[in-house]
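Protein chains in written order, with my numbering: chain A, 1 to 200; chain F, 201 to 400; chain E, 401 to 600; chain S, 601 to 800.
Have a look at the structure below before the remarks.
Protein chains: 4
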Amino acid sequence: MDGGAIPRGGGREAIAAAAREVFHERGYHGASIRDIAGRAGLSLSALYYWHPSKQDLLAALIEEHTLEYFRRCDEALADIPLTDSTARLAALVRATVVYRVEQQVESNISAREWRNLEAGQGERLEGLRTKASTIWADIVDEGVRLGTFRCPHPADARRAAQAACNAIAQWYRPDGTLSAEDLVERYTLIVMRIVDAEPA
Amino acid sequence: MDGGAIPRGGGREAIAAAAREVFHERGYHGASIRDIAGRAGLSLSALYYWHPSKQDLLAALIEEHTLEYFRRCDEALADIPLTDSTARLAALVRATVVYRVEQQVESNISAREWRNLEAGQGERLEGLRTKASTIWADIVDEGVRLGTFRCPHPADARRAAQAACNAIAQWYRPDGTLSAEDLVERYTLIVMRIVDAEPA
Amino acid sequence: MDGGAIPRGGGREAIAAAAREVFHERGYHGASIRDIAGRAGLSLSALYYWHPSKQDLLAALIEEHTLEYFRRCDEALADIPLTDSTARLAALVRATVVYRVEQQVESNISAREWRNLEAGQGERLEGLRTKASTIWADIVDEGVRLGTFRCPHPADARRAAQAACNAIAQWYRPDGTLSAEDLVERYTLIVMRIVDAEPA
Amino acid sequence: MDGGAIPRGGGREAIAAAAREVFHERGYHGASIRDIAGRAGLSLSALYYWHPSKQDLLAALIEEHTLEYFRRCDEALADIPLTDSTARLAALVRATVVYRVEQQVESNISAREWRNLEAGQGERLEGLRTKASTIWADIVDEGVRLGTFRCPHPADARRAAQAACNAIAQWYRPDGTLSAEDLVERYTLIVMRIVDAEPA
DNA sequence: CATGAATGAGCTTTCATTCAT
DNA sequence: AATGAATGAAAGCTCATTCAT
Numbered sequence: 001m002d003g004g005a006i007p008r009g010g011g012r013e014a015i016a017a018a019a020r021e022v023f024h025e026r027g028y029h030g031a032s033i034r035d036i037a038g039r040a041g042l043s044l045s046a047l048y049y050w051h052p053s054k055q056d057l058l059a060a061l062i063e064e065h066t067l068e069y070f071r072r073c074d075e076a077l078a079d080i081p082l083t084d085s086t087a088r089l090a091a092l093v094r095a096t097v098v099y100r101v102e103q104q105v106e107s108n109i110s111a112r113e114w115r116n117l118e119a120g121q122g123e124r125l126e127g128l129r130t131k132a133s134t135i136w137a138d139i140v141d142e143g144v145r146l147g148t149f150r151c152p153h154p155a156d157a158r159r160a161a162q163a164a165c166n167a168i169a170q171w172y173r174p175d176g177t178l179s180a181e182d183l184v185e186r187y188t189l190i191v192m193r194i195v196d197a198e199p200a
Numbered sequence: 201m202d203g204g205a206i207p208r209g210g211g212r213e214a215i216a217a218a219a220r221e222v223f224h225e226r227g228y229h230g231a232s233i234r235d236i237a238g239r240a241g242l243s244l245s246a247l248y249y250w251h252p253s254k255q256d257l258l259a260a261l262i263e264e265h266t267l268e269y270f271r272r273c274d275e276a277l278a279d280i281p282l283t284d285s286t287a288r289l290a291a292l293v294r295a296t297v298v299y300r301v302e303q304q305v306e307s308n309i310s311a312r313e314w315r316n317l318e319a320g321q322g323e324r325l326e327g328l329r330t331k332a333s334t335i336w337a338d339i340v341d342e343g344v345r346l347g348t349f350r351c352p353h354p355a356d357a358r359r360a361a362q363a364a365c366n367a368i369a370q371w372y373r374p375d376g377t378l379s380a381e382d383l384v385e386r387y388t389l390i391v392m393r394i395v396d397a398e399p400a
Numbered sequence: 401m402d403g404g405a406i407p408r409g410g411g412r413e414a415i416a417a418a419a420r421e422v423f424h425e426r427g428y429h430g431a432s433i434r435d436i437a438g439r440a441g442l443s444l445s446a447l448y449y450w451h452p453s454k455q456d457l458l459a460a461l462i463e464e465h466t467l468e469y470f471r472r473c474d475e476a477l478a479d480i481p482l483t484d485s486t487a488r489l490a491a492l493v494r495a496t497v498v499y500r501v502e503q504q505v506e507s508n509i510s511a512r513e514w515r516n517l518e519a520g521q522g523e524r525l526e527g528l529r530t531k532a533s534t535i536w537a538d539i540v541d542e543g544v545r546l547g548t549f550r551c552p553h554p555a556d557a558r559r560a561a562q563a564a565c566n567a568i569a570q571w572y573r574p575d576g577t578l579s580a581e582d583l584v585e586r587y588t589l590i591v592m593r594i595v596d597a598e599p600a
Numbered sequence: 601m602d603g604g605a606i607p608r609g610g611g612r613e614a615i616a617a618a619a620r621e622v623f624h625e626r627g628y629h630g631a632s633i634r635d636i637a638g639r640a641g642l643s644l645s646a647l648y649y650w651h652p653s654k655q656d657l658l659a660a661l662i663e664e665h666t667l668e669y670f671r672r673c674d675e676a677l678a679d680i681p682l683t684d685s686t687a688r689l690a691a692l693v694r695a696t697v698v699y700r701v702e703q704q705v706e707s708n709i710s711a712r713e714w715r716n717l718e719a720g721q722g723e724r725l726e727g728l729r730t731k732a733s734t735i736w737a738d739i740v741d742e743g744v745r746l747g748t749f750r751c752p753h754p755a756d757a758r759r760a761a762q763a764a765c766n767a768i769a770q771w772y773r774p775d776g777t778l779s780a781e782d783l784v785e786r787y788t789l790i791v792m793r794i795v796d797a798e799p800a
């Protein structure tokens, strides 16, 4: 069905790259392990040398993506004092928007395929998912506590802000005119309004 | 032969109800037409009497859901003058939030399974999808034109507002303490801030 | 691999017949469900319409064979008084030998493939297996109690007698010169000597 | 990567030990060469260094087991004159019963997996199998010729005796109360009755 | 309207085996 | 003497769909 069976280097990474493509195009259940192997330039059974199952492959991808997102968030927040909620939220928005734009495929897989993780893996990764919310909630809640953010319902503000930033991965087209930097600026503004940050 | 085989009245509606459940639980590709028939208390062949294919069944559901959402939006906006952007946006938020809460399953199916519509059906329904954005965009753009909304980037404001409202269907739990009315209030506020509506 | 794809009547029975052949020729794990379906003149998936799994198919066969053997034993013993141990044992030998000769394939499958029944089915069928020993043991033990049989170790006598009769299915060739009736006579004599029956 | 990976000294013997376990537990076709290698604490390729194929591994085991059984029989019979049929048969029963008890796994593999030897190996080993019958037949036939054994059908007596002794490997439990010596005594008696040996 | 029986294509997975190192 | 990585074939099973009744 697809002609692009080009090996891309060592097994494990070729498989991950191919799986990202195919899961993104067709979704977990719509993707066939044959497509993935073919797209990676490997035989079907070579794939099973690296991953014991399709489910494991999905879990590995999602974990990898999520950890990379966390790494970027941590890096962005590392040097900003806990008391500067506005700067911290701005940094988080930037990290998130940039990740959604640069790693669009990874973002969409993580967002859409969580639900297809089965019990065993699901629980281990459930913690990661919780953390993604916590990163945002900690900053928003602290800002509200300090009076920097004046939104009356911090939990909903956080959900709205996250949803807005995450949605970028769904509609962004890299061949358009909007740069990541443009989006960072626009969404920072939007998120600041959502939490009702005091003017700078 | 099947666990949840609950007959639910006439064929067509029983099938729709069962399909909604199964598509929601497992996604389009993860759902089997056997599960759906079983859940509807019907034989496989009975299902094929009503729908020529699995794909058609999905398209019928999505169309039905979308038209119902439009119906609610139209009803909500019917009596509000085109010049009162704030009232129109508030009405749209209310219609959307209520729909996401009351028709949570329908909302999630429509949001997640669009991508699994095949070419033929897809194009016919593509118009519906566009319209969902247009309803929002028309109001936001008009508000900006009139100076009622002061957001600098109306397209992004619209995307953010829609994403925030749509996301409700993903996290809302009907057994919690939040009523639909609570959410209408909260999300109206949030959306007004996103578009930077002038204070009332 | 085999040309004899001749339908033999309704699905269920054609499958049983084919499965008997293939399990007998290749053993449970060596048999492929494709071979069985082909030999039955059916498609692979038709087989799954009748049996949910290969394992279930094996269990169904073994149960059927075992029940038929029991039926024959019960019939053979029905009219013989409990006190006439010699006549009862002779009848059991006859029923067993005739079954091993007439239903050679069924006998061999049951003997060899018990071990491949998995936990769930295994336990249900375990009772049947126990009963096969009990039928013999009841007669031998009663004969010993009455003094009709004088063997010092009834349990081992029973095992030896059963093993000797059961083994017939392994070596008997229907195109040879030995009739079932010949074997009944010979093995009755052997078994009587094993239990050390008093001369008639 | 594997549960029971216990290194057991040099390659060849470790493989034989592991193969015996796995073939015994699952049968030839149910056993995987990966299981065997893992159980032996070796890599898959190490196994192929010692044995060119799974089939060869089975043949090697069966040959080894059979030759060891013959060695024991020959040893047991070495000093008994050909004219003393009773003593020779008793010695053969002893050798067989002891082997079935002490080498239970080996006995069962040889008995069950003959049928899975393919043409090439099968023919070479067919001679061994014939010899196993011949050892018994020679003694029984000679005893009948000499008038020591009075059974009317020596071939069936031999089959019954062999079947009874061989079956021990199927039911014997080493943790029970029966010793090998007990069984030797009991089965000698049984076999003597089967061949109708004249009283000592 | 509805069913029971069947199908062909496809699925994920496992197998025995190979080969460069 | 041994390994890690790979393969092609085949396994058991499920799928959406069809058709005679």
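We put the beta carbon where it would ideally sit given N, CA and C, even for glycine.
Note that the coordinates shown come from a computational prediction; the quantities given were computed from them, not determined experimentally.
Could you say which of R350(F), D382(F), A367(F) lies nearest to R193(A) if we only look at CA atoms? Working through the first sequence from its first residue, we reach residue 193(A) at position 193. Minimum Cα distance to R193(A) is reached at R350(F).
| Using the beta-carbon count (16 or more within 10 Å), is I662(S) buried or exposed? | Taking the fourth sequence and counting its residues from 1, the one referred to as residue 662(S) is at position 62. With 16 or more other Cβ atoms within 10 Å, it is buried.
TODO: Identify whether A597(E) lies in helix, strand or coil by the three-state DSSP scheme.
DONE: Locating residue 597(E) in the third sequence gives position 197, where the first residue counts as 1. Residue state, collapsed to three classes: strand.
**Message:** Please report the distance separating the alpha-carbon of A737(S) from that of G638(S).
**Reply:** Position 137 of the fourth sequence holds residue 737(S). Position 38 of the fourth sequence holds residue 638(S). Approximately 42 Å, taken between the alpha carbons.
**Asked** When burial is assigned at 16 or more other CB atoms within 10 Å of the CB, is G627(S) buried or exposed?
**Response** In the fourth sequence, residue 627(S) corresponds to position 27, counting from 1. Buried, because 16 or more other Cβ atoms sit within 10 Å of the Cβ of G627(S).
Worksheet entry | Among D596(E), A519(E), C565(E), the one whose alpha carbon lies nearest that of L492(E) | Locating residue 492(E) in the third sequence gives position 92, counting from the first residue. It is C565(E).
In whole angstroms, what is the alpha-carbon distance linking G611(S) and A490(E)? Taking the first residue of the fourth sequence as 1, we reach residue 611(S) at position 11. Taking the first residue of the third sequence as 1, we reach residue 490(E) at position 90. Near 54 Å, if we compare the C-alpha coordinates of A490(E) and G611(S).
task = Answer with yes or no whether the minimum CB distance from D2(A) to chain F is below 8 Å.
result = Here residue 2(A) refers to the residue found at position 2 when the first sequence is read from its first residue. With a pLDDT of only 37 at D2(A), under the threshold of 50, the placement of this residue in the model should not be trusted; the figure read from the coordinates follows. It does not; no Cβ of chain F falls within 8 Å.
*Any C-beta of chain F sitting closer than 8 Å to the C-beta of R8(A)?*
Position 8 of the first sequence, counted from the start, is the residue given in the question as residue 8(A). Legend: pLDDT at R8(A) = 45, less than 50; position of this residue unreliable, value from coordinates given subsequently. For R8(A), the answer is no, since every Cβ of chain F falls outside 8 Å of its Cβ.
**Q.** Beta carbon proximity, H229(F) to chain A, threshold 8 Å
**A.** For the purposes of this step, residue 229(F) is taken as the residue at position 29 of the second sequence. Answer yes: the Cβ-Cβ gap between H229(F) and chain A drops below 8 Å somewhere.
Could you check what DSSP says for R212(F) in three-state terms: helix, strand or coil?
Residue mapping note: residue 212(F) aligns to position 12 of the second sequence, counting from 1. Note: R212(F) maps to helix in three-state DSSP.
* Could you check the C-alpha separation between A311(F) and A95(A) for me, to the nearest Å? => Numbered from its first residue, the second sequence carries residue 311(F) at position 111. Numbered from its first residue, the first sequence carries residue 95(A) at position 95. One C-alpha to the other measures close to 26 Å.
Length of the line joining the Cα atoms of A459(E) and Y772(S)
As a first step, residue 459(E) is located in the third sequence; it is residue number 59 there, counting from the start. As a first step, residue 772(S) is located in the fourth sequence; it is residue number 172 there, counting from the start. The straight-line gap from Cα to Cα measures roughly 25 Å.
Query - Inter-residue Cα distance where the pair is Q321(F) and E513(E) - result: Numbered from 1 along the second sequence, position 121 holds the residue referred to as residue 321(F). Numbered from 1 along the third sequence, position 113 holds the residue referred to as residue 513(E). Rounded to the nearest whole angstrom, the CA to CA distance from Q321(F) to E513(E) is 52 Å.
Check your understanding: Is the distance from the Cβ of H624(S) to the Cβ of V705(S) below 8 Å?
Key -> Along the fourth sequence, read from residue 1 onward, the residue named residue 624(S) stands at position 24. Along the fourth sequence, read from residue 1 onward, the residue named residue 705(S) stands at position 105. For the 8 Å CB-CB criterion, H624(S) and V705(S) form a contact.
Just to make sure I have the definition right: I need the residues of chain E whose C-beta is within less than 8 Å of the C-beta of W771(S). Which are they?
Counted from its first residue, the fourth sequence places residue 771(S) at position 171. Within 8 Å Cβ-Cβ: R559.
### Separation of D196(A) from L267(F), as counted between CA atoms
Translated into the one-based positions of the second sequence, residue 267(F) becomes position 67. Translated into the one-based positions of the first sequence, residue 196(A) becomes position 196. So the alpha carbons of these two residues sit roughly 35 Å apart.
Check: Exposed or buried, what is A169(A) when buried is set at 16 or more other beta-carbons lying within 10 Å of its beta-carbon?
Finding: Counting from one through the first sequence, the residue named residue 169(A) turns up at place 169. Under this definition A169(A) is a buried residue.
Margin query: Please tell me whether D738(S) has its Cβ less than 8 Å away from any Cβ of chain E.
Written below: Residue mapping note: residue 738(S) aligns to position 138 of the fourth sequence, counting from 1. No, its Cβ sits nowhere closer than 8 Å to a Cβ of chain E.
Quick check on the DSSP output: what are the complete beta strand (DSSP E) runs of length 3 or more inside the region 318-344 of chain F, in order along the chain? none
| task | Within its chain, find whatever has a CB closer than 7 Å to the CB of V222(F); leave out the 5 residues flanking it on each side and keep chain order. | result | Residue 222(F) sits at position 22 when you count from the first residue of the second sequence. Excluding residues within five positions, the ones whose Cβ falls inside 7 Å are A231, D235, I236, R239.
- Task: Just grab the DSSP bridge partners of F749(S) for me.
- Result: Stepping through the fourth sequence from its first residue, residue 749(S) is reached at position 149. Paired residues: A797(S).
Chain S beta carbons: is any one of them nearer than 8 Å to that of R593(E)? For the purposes of this step, residue 593(E) is taken as the residue at position 193 of the third sequence. Judged by the 8 Å Cβ criterion, R593(E) is in contact with chain S.
- prompt: In chain order, what residues of the same chain lie with their CB nearer than 7 Å to the CB of S43(A), ignoring the 5 residues before and after it?
  reply: Taking the first residue of the first sequence as position 1, residue 43(A) is located at position 43. Excluding sequence neighbours, S43(A) sits near A37.
ask   = What is the DSSP secondary structure of T683(S), reduced to helix, strand or coil?
value = Position 83 of the fourth sequence, counting from 1, holds the residue named residue 683(S). Three-state DSSP puts T683(S) in coil, outside helix and strand.
With a 10 Å radius around its C-beta and 16 neighbouring C-beta atoms as the bar for buried, classify S485(E) as buried or exposed. Here residue 485(E) refers to the residue found at position 85 of the third sequence. By the 10 Å Cβ count, S485(E) comes out buried.
*With a floor of 4 residues, list each alpha helix (DSSP H) that falls wholly inside the region 415-496 of chain E, ordered by position along the chain.*
433-439, 444-450, 454-477
For this session: Label D575(E) either buried or exposed according to how many other C-beta atoms from any shown protein chain fall within 10 Å of its C-beta, with 16 as the threshold for buried.
Result: Your numbering for residue 575(E) matches position 175 in the third sequence. With fewer than 16 Cβ atoms within 10 Å of its Cβ, D575(E) is classed as exposed.
Mind checking the region 265-276 of chain F against chain A and listing, in chain order, the residues whose C-beta falls within less than 7 Å of any C-beta there?
Contact annotation: in the region 265-276 of chain F, no residue has its CB less than 7 Å from a CB in chain A.
Opening and closing residue of the alpha helix (DSSP H) in which S310(F) lies
Stepping through the second sequence from its first residue, residue 310(F) is reached at position 110. It spans 304-313 - the alpha helix (DSSP H) in which S310(F) sits, taken as one unbroken run.
By DSSP, does T577(E) sit in helix, in strand, or in coil? Position 177 of the third sequence, counting from 1, holds the residue named residue 577(E). Residue state, collapsed to three classes: coil.
Checklist entry - Do you know how far the Cα of Y469(E) is from the Cα of Q655(S)? => result In the fourth sequence, the residue the question calls residue 655(S) occupies position 55. In the third sequence, the residue the question calls residue 469(E) occupies position 69. Each residue's Cα considered, the two are about 35 Å apart.
>> What does the alpha-carbon distance come out to for the pair P354(F) and R186(A)?
In response: As a position in the second sequence, residue 354(F) is number 154, starting the count at 1. As a position in the first sequence, residue 186(A) is number 186, starting the count at 1. The straight-line gap from Cα to Cα measures roughly 10 Å.
**Request:** Report all residues from its chain with a CB closer than 7 Å to the CB of I339(F); omit the five preceding and five following residues, and keep chain order.
**Result:** By one-based count along the second sequence, residue 339(F) stands at place 139. Once the five neighbours on either side are set aside, the close Cβ partners of I339(F) are S285, R288, L289, L292.
Check your understanding: Which chain A residues sit within Cβ distance under 8 Å of H224(F)?
Key -> Mapped onto the second sequence, residue 224(F) falls at position 24. Within 8 Å Cβ-Cβ: nothing; H224(F) doesn't reach chain A, min ~10 Å.
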